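Whatever position you read off the sequence shown (first residue = 1), add 73 for our numbering. Report on the following structure.
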Amino acid sequence: MELLLVSLVLLLVRCGQSLDNGLMRTPPMGWLAWERFRCNIDCDNDPENCISERLFMDMADRLAEDGWKELGYQYVNIDDCWAAKKRDSLGRLVADPQRFPSGIKALAQYVHLRGLKLGIYGDLGTKTCGGYPGTTLDLVELDAHTFASWDVDMLKLDGCYSNSSYKAEGYPLMSMALNITGRPIAFSCSWPAYEGGLPPRVNYTLLGEICNLWRNYDDIQDSWDSVRNIINWYGNHQQVLQPAAGPGRWNDPDMLIIGNFGLSYEQSKSQMALWAILAAPLFMSNDLRTISKKDSYILQNKLLIMINQDPLGLQGHRLLKGKDNIEVWMRELSSETMALAVFSQRTDMPYHYSTSFSQLNITTPEVFSAMDVYSGEALHNLEVDTKFTVTINPSGVVMLYVYPEKRLELNARNRRHEAGQLLL
Ligand code: GLA
Numbered sequence: 074m075e076l077l078l079v080s081l082v083l084l085l086v087r088c089g090q091s092l093d094n095g096l097m098r099t100p101p102m103g104w105l106a107w108e109r110f111r112c113n114i115d116c117d118n119d120p121e122n123c124i125s126e127r128l129f130m131d132m133a134d135r136l137a138e139d140g141w142k143e144l145g146y147q148y149v150n151i152d153d154c155w156a157a158k159k160r161d162s163l164g165r166l167v168a169d170p171q172r173f174p175s176g177i178k179a180l181a182q183y184v185h186l187r188g189l190k191l192g193i194y195g196d197l198g199t200k201t202c203g204g205y206p207g208t209t210l211d212l213v214e215l216d217a218h219t220f221a222s223w224d225v226d227m228l229k230l231d232g233c234y235s236n237s238s239y240k241a242e243g244y245p246l247m248s249m250a251l252n253i254t255g256r257p258i259a260f261s262c263s264w265p266a267y268e269g270g271l272p273p274r275v276n277y278t279l280l281g282e283i284c285n286l287w288r289n290y291d292d293i294q295d296s297w298d299s300v301r302n303i304i305n306w307y308g309n310h311q312q313v314l315q316p317a318a319g320p321g322r323w324n325d326p327d328m329l330i331i332g333n334f335g336l337s338y339e340q341s342k343s344q345m346a347l348w349a350i351l352a353a354p355l356f357m358s359n360d361l362r363t364i365s366k367k368d369s370y371i372l373q374n375k376l377l378i379m380i381n382q383d384p385l386g387l388q389g390h391r392l393l394k395g396k397d398n399i400e401v402w403m404r405e406l407s408s409e410t411m412a413l414a415v416f417s418q419r420t421d422m423p424y425h426y427s428t429s430f431s432q433l434n435i436t437t438p439e440v441f442s443a444m445d446v447y448s449g450e451a452l453h454n455l456e457v458d459t460k461f462t463v464t465i466n467p468s469g470v471v472m473l474y475v476y477p478e479k480r481l482e483l484n485a486r487n488r489r490h491e492a493g494q495l496l497l
């Protein structure tokens with residue numbers, strides 16, 4: 074009995090200290106307002122694109138009706154500039170009454186009715202990055218309670234207008250405060266991005282205990298330069314970053330900007346492929362009301378999503394970075410499968426790249442197949458020494474899903490078996 078009591082107390086202490094909310098066992102997917110819609114609050118002149126409940130309702134409709142939700146894109150996330158400039162008489166955050174006349178709770182209900190989840194944004198500091206009310210240490214508990222009372226499902230906590238010691242105190246405090254509300258609220262921490270993203274200033278073990286995901290590095294912008302810069306940073310620091318990720322705790326290289334203005338078709342395919350290799354959260358920041366079919370196909374590629382969502386949750390890494398500006402990235406997946414991305418940072422013309430798995434020092438199943446996730450073409454009966462050639466366009470990628478040949482045969486047999494059963 075005594076022992077039981079002691080373990081119960083220990084359990085309570087543990088729960089109080091760590092997030093341990095069971096959420097986001099695979100990288101979260103959804104939509105986030107910031108990169109595309111920023112802090113546009115001019116609803117008089119730009120009613121369709123300003124930060125308002127209408128924008129989030131529109132995106133919820135699109136996610137629910139255009140096939141996104143079924144693929145896993147389930148979060149509709151508010152970013153900065155949603156709040157009124159002043160807290161209410163009880164010190165609580167309130168949504169801007171002109172732009173969110175129904176309030177956040179009603180918006181959460183709208184989103185939930187469509188089978189989606191709602192995320193909100195706050196900032197640990199005196200102000201948000203956009204100058205809206207921040208969450209100072211004395212207000213952490215109150216704000217966690219307010220978000221929970223609005224039935225919010227996720228919080229992105231930014232870190233403008235505070236210093237390092239303030240953040241070191243505040244992020245664990247918010248994690249605990251969210252836990253105490255009793256509502257499962259996923260926690261996205263911008264903390265490491267404000268500390269240079271690397272140890273010793275960043276403690277990834279602690280982050281894994283208190284946050285579900287965290288921004289490590291610079292804000293993404295609508296340009297290939299920005300995407301490349303992010304990819305390079307994650308490659309250069311993979312020794313630190315790769316082990317930090319796992320089910321329930323993800324590195325976040327920031328939003329997908331596919332469907333906007335800055336990326337070519339090849340570059341869009343590269344962003345999606347690399348984000349899948351990196352086990353990155355897939356938060357699109359684009360206009361789902363006007364997105365082209367071509368861009369939707371990239372974002373809705375089932376095989377890529379399956380790779381991103383692999384249950385092992387192992388982040389991939391850059392295997393090699395050649396003088397020819399060709400890189401090979403690899404992610405180990407469950408059931409003896411893997412993803413291999415051959416990525417070009419060249420700027421000349423399509424490049425023929427020949428290699429074999431043994432040359433890449435990858436151990437493979439005895440006989441395997443490699444399927445190009447974008448074209449669907451597959452190479453069969455490969456062995457570890459078999460040479461193969463891929464053609465990569467400038468700033469493009471060839472992404473291969475590699476699986477044992479035997480398994481496919483087995484699957485085909487299973488499918489026949491299932492079909493047979495259906496006929497009976
Ligand atoms: C910071 C964050 C961005 C966004 C803006 C909002 O720059 O890194 O993702 O939330 O603040 O002001």
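Glycine is no exception: its CB is placed at the ideal position from the N, C-alpha and C atoms. As the structure is a computational prediction, the values presented were derived from the model and not from experiment.
{"Query": "4 or more residues per run - each alpha helix (DSSP H) lying fully within the stretch 91-151", "Result": "107-110, 126-138, 141-144"}
{"Query": "Ile371, enclosing beta strand (DSSP E) - first and last residue", "Result": "Segment 366-372 is the alpha helix (DSSP H) holding Ile371; no beta strand (DSSP E) there."}
{"Query": "Under the three-state DSSP convention, the category Met444 falls into", "Result": "strand"}
{"Query": "Three CB pairs or more closer than 8 Å across the stretch 164-173 and the stretch 106-125", "Result": "yes"}
{"Query": "beta-carbon Arg288 near the ligand GLA non-hydrogen atom, thresh 7 Å", "Result": "yes"}
{"Query": "Any non-hydrogen atom of the ligand GLA within 7 Å of Thr99 CB", "Result": "no"}
{"Query": "Residue interval of the alpha helix (DSSP H) (run including Lys178)", "Result": "177-186"}
{"Query": "Glu242 - partner residues in DSSP beta bridges", "Result": "Paired residues: none, contrary to the question."}
{"Query": "Opposing strand residues paired with Met227 [DSSP bridges]", "Result": "Gly192, Ala259"}
{"Query": "Distance between Ser238 and Ile364 (C-alpha atoms, nearest Å)", "Result": "42 Å"}
{"Query": "Which residues DSSP lists as bridging Arg288, in chain order", "Result": "Asp325"}
{"Query": "Span separating the alpha-carbon of Gly308 from that of Ala352", "Result": "13 Å"}
{"Query": "The stretch 105-113 / the stretch 326-339 touching (three or more Cβ pairs under 8 Å)", "Result": "yes"}
{"Query": "Nearest-angstrom Cβ-Cβ length linking Val475 and Tyr426, presumed shorter than 8 Å", "Result": "Contact flag wrong, Cβ pair sits at about 16 Å."}
{"Query": "Spatially closest choice to Asn359 from Trp155, Glu242, Gly335, by CA coordinates", "Result": "Gly335"}
{"Query": "Buried or exposed (CB count within 10 angstroms, at least 16 for buried), Thr278", "Result": "exposed"}
{"Query": "According to DSSP, residues forming a beta bridge with Pro174", "Result": "Paired residue(s): none; Pro174 is not in a bridge."}
{"Query": "Supposed close pair Ile350, Arg288 - CB separation, criterion 8 Å", "Result": "Incorrect: roughly 18 Å between the Cβ atoms, too far for contact."}
{"Query": "8 Å Cβ cutoff met for Lys229 and Asp295", "Result": "no"}
{"Query": "Neighbourhood of Val167 by C-beta, 6 Å cutoff - its chain only, sequence neighbours within 5 removed", "Result": "Ala157, Asp161"}
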